[in-house]
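First the structure, in the form of structure tokens, and then the observations on it.
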Amino acid sequence: METLFDFLVKLDKNAFLFINAKSGTYPLVDSVAKIIASDYLIPVSFSLILVLIWFRGRSLKFQIEGRTAVLKSISTLLSACFVVFILNEIAFRDRPYTLPDARLIFYAPTDSSFPSNSVAAVAGMAIPIFRTYRVLGIIMLIGSFSLGVGRIFVGIHFPGDIIGGLLIAIVSFWIIGRVFDIFNKQVIYLILLFEKSKWLKIFRI
Amino acid sequence: MLGFHLDYFICCVIAVLGIVILASAHRTNRLRPPVYLLSTILMVSAAALFFSTSNRVLNDHEGGLDANEQAIIFALSGLTGLFTYKSVVFLRKYLMERSWRRFLIFLSN
């Protein structure tokens, strides 16, 4: 078992060094990678997609469908972040830029490398949307993948951290899905309350 | 520009305004190319403004935003964008009604 673990860690390091090898070579590629891997572009874009889904429903049926997906997305994001927080308290993995051959073109985070918090968060937002809206979901999953690859390229995550983040997002989505199945009526009631309440009219378009 | 937090807030307001315009047009079945263009320009310009004006690759210990700050500022900017949109729509309706009234008065005279 230990040999298999060592083999996976070695494979992870080699995959990281392969992806990270070209960073710092082409300034334009580096700039694009830094923007994609930043804490702002992908998370804010995904949040904007959630805002769009929340407001765009034409009929009550589509509003309930869209808003349930948005609530699931936010809940999955929060639960994924919570799982990452717990894992970070249990185990610590050094960032890949501490390797002798690694190249760092980003700021140097000091928290645990495994699992990737940012990928768990954005994949947690993307998966529930993918289940309801295929096109928007695919765009969001591509965004999550780009963020993951970008963060390996700039030197702050191993590929294993990204896969770990993705798995956490999937498990969180499964748990949140079960919770939403149990409280489905209450969720629909809250959405209807938002849509029909006279006092909440100011928050509607 | 004006400090990291304020820059983030302003750019988020501009981007939210773009997305609310798009959502509103979709909801009321008035999705036309100019609407797409306007909302795309607002969102792209917000991103361009944010990333081109200063170094945004900053750790939260060095002046960047942590996840909680990001979430709070985005929520505030979402509300600001929504209220800005509603104010503009209200103002437009009000002005149009007034000009129609003037036009009707002009015709009756």
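Going down the list, the protein sequences come from chains A and B. Going by numbering that gives the first Met the number 0, 185 is the number at position 186 of the first sequence; the sequence numbering is gapless. Going by numbering that gives the first Met the number 0, 0 is the number at position 1 of the second sequence; the sequence numbering is gapless. Here a beta-carbon is modelled for each residue, glycine too, at the ideal position from N, C-alpha and C.
Residue 120 (chain A) in three-state terms, based on DSSP
Three-state DSSP puts residue 120 (chain A) in a helix.
Distance between residue 195 (chain A) and residue 65 (chain B) (C-alpha atoms, nearest Å):
Near 35 angstroms, if we compare the C-alpha coordinates of residue 195 (chain A) and residue 65 (chain B).
In whole angstroms, what is the alpha-carbon distance linking residue 41 (chain B) and residue 144 (chain A)?
The straight-line gap from Cα to Cα measures roughly 25 angstroms.
Using a Cβ-Cβ cut-off of 8 angstroms (strictly less than) and excluding sequence neighbours within five positions of residue 69 (chain B), which residues of its own chain qualify?
Its chain contains 7 as the residues whose beta carbon lies nearer than 8 angstroms to that of residue 69 (chain B), once the 5 sequence neighbours on both sides are disregarded; these appear in chain order.
Under 8 angstroms between C-beta atoms of residue 40 (chain A) and residue 34 (chain A):
Judged by beta-carbon spacing, residue 34 (chain A) lies within the 8 angstroms limit of residue 40 (chain A), meaning their Cβ atoms are closer than that value.
Residue span of the alpha helix (DSSP H) that contains residue 212 (chain A), given as start and end
Outside the shown range of chain A, which is 0 to 204, sits residue 212 (chain A), and nothing can be said about it.
Tell me which residues share the same chain as residue 178 (chain A) and place their Cβ nearer than 8 angstroms to its Cβ, disregarding the 5 neighbours each side in the sequence.
Cβ neighbours of residue 178 (chain A) beyond the five flanking positions: 74.
May I ask you to report which of helix, strand or coil DSSP gives residue 99 (chain B)?
Of the three classes helix, strand and coil, the one that applies to residue 99 (chain B) here is helix, per DSSP.
Nearest to residue 54 (chain B) by alpha carbon, out of A:106, A:202, A:111 and A:180?
Per the Cα distances, A:106.
Return yes when the Cβ of residue 151 (chain A) is within less than 8 angstroms of the Cβ of residue 161 (chain A), no when it is not.
Result yes, Cβ atoms of residue 161 (chain A) and residue 151 (chain A) sit closer than 8 angstroms.
Measure the C-alpha to C-alpha separation of residue 210 (chain A) and residue 193 (chain A) and round it to an integer number of angstroms.
There is no way to answer for residue 210 (chain A), as the model of chain A reaches only from 0 to 204.
Near-chain B residues of the region 80-105 of chain A - C-beta to any C-beta below 7 angstroms
So the close ones are 105.
Give me the chain B residues within the contact set of residue 46 (chain A), using Cβ-Cβ distance strictly less than 7 angstroms, ordered along the chain.
Those within 7 angstroms of residue 46 (chain A) in chain B are 73.
What are the boundary residues of the alpha helix (DSSP H) that includes residue 35 (chain B)?
For residue 35 (chain B), the enclosing alpha helix (DSSP H) stretches over residues 32-52.
Is the CB of residue 7 (chain A) under 8 angstroms away from at least one CB in chain B?
False, the Cβ-Cβ gap to chain B never drops below 8 angstroms.
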